[in-house]
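*Asks:*
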Amino acid sequence: MFSFLIFLGVFLFMECVTWLTHKYIMHGFMWYFHSDHHQPKYEDTFERNDIFFVIFAIPSILLFYFGVKGGFNYLFFIACGLTFYGTCYFLIHDVLIHQRFKWFKNTKNKYLIALRKAHKIHHKHLGKEHGECFGMLFVPFKYYKM
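For the sequence shown, our numbering gives the first residue as -16, with consecutive numbering after it.
Following this line, the structure appears as structure tokens:
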């Protein structure tokens, strides 16, 4: 039970980490890597922004390694929470919202529609200033009404 609580806590905490990272790092000193993501059309299959998948995978890989080496200790379950959040991020952000893969084109789910609206508002700003809606899972209630 404690292992599940670690997993769930890390998963939920990652929304805060994502918001802070997106607002202050991606829209801050690492804007160079994130800026192509805010352009209306992608020229290539990959963007410079995809470097963040690699950056965020490194702690998960290390935590899995030391968690397994330590006998499936708490580090393993932290890695599970990080990895599950990363998987959800990929499915929601890259597949559902940006349609980089055409898997979930026509959803009627109100939560997923609100997520898409909030992210569309985030992308209306092509520069790094004046952004809003930096998280992934939490959607302000006003986007359910739009």
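All C-beta atoms in this analysis are idealised placements derived from N, C-alpha and C, irrespective of residue type, glycine included.
What first and last residue would you give for the alpha helix (DSSP H) that runs through W14?
*Replies:* Element bounds for W14: 14 to 17.
*Asks:* Determine the closest residue to F(-15) out of K100, I61, G114, with distance taken between C-alpha atoms.
*Replies:* Nearest C-alpha to F(-15): I61.
*Asks:* One question on the structure: do K100 and Y126 come within less than 8 Å of each other, judged by their Cβ atoms?
*Replies:* Their beta carbons are under 8 Å apart, which means K100 touches Y126 by this criterion.
*Asks:* In three-state DSSP terms, what is T28?
*Replies:* DSSP places T28 in coil when its eight states are reduced to three.
*Asks:* Is it buried or exposed, Y15, if we count other Cβ atoms within 10 angstroms and call 16 or more buried?
*Replies:* Counting Cβ neighbours within 10 Å, Y15 comes out exposed, since fewer than 16 surround it.
*Asks:* Helix, strand or coil for P42? Go by DSSP, reduced to three states.
*Replies:* Looking at P42 - three-state DSSP - the assignment turns out to be helix.
*Asks:* With a threshold of 6 Å on Cβ separation, who are the neighbours of H5 within its own chain once the five nearest residues in sequence on each side are excluded?
*Replies:* Once the five neighbours on either side are set aside, the close Cβ partners of H5 are F117.
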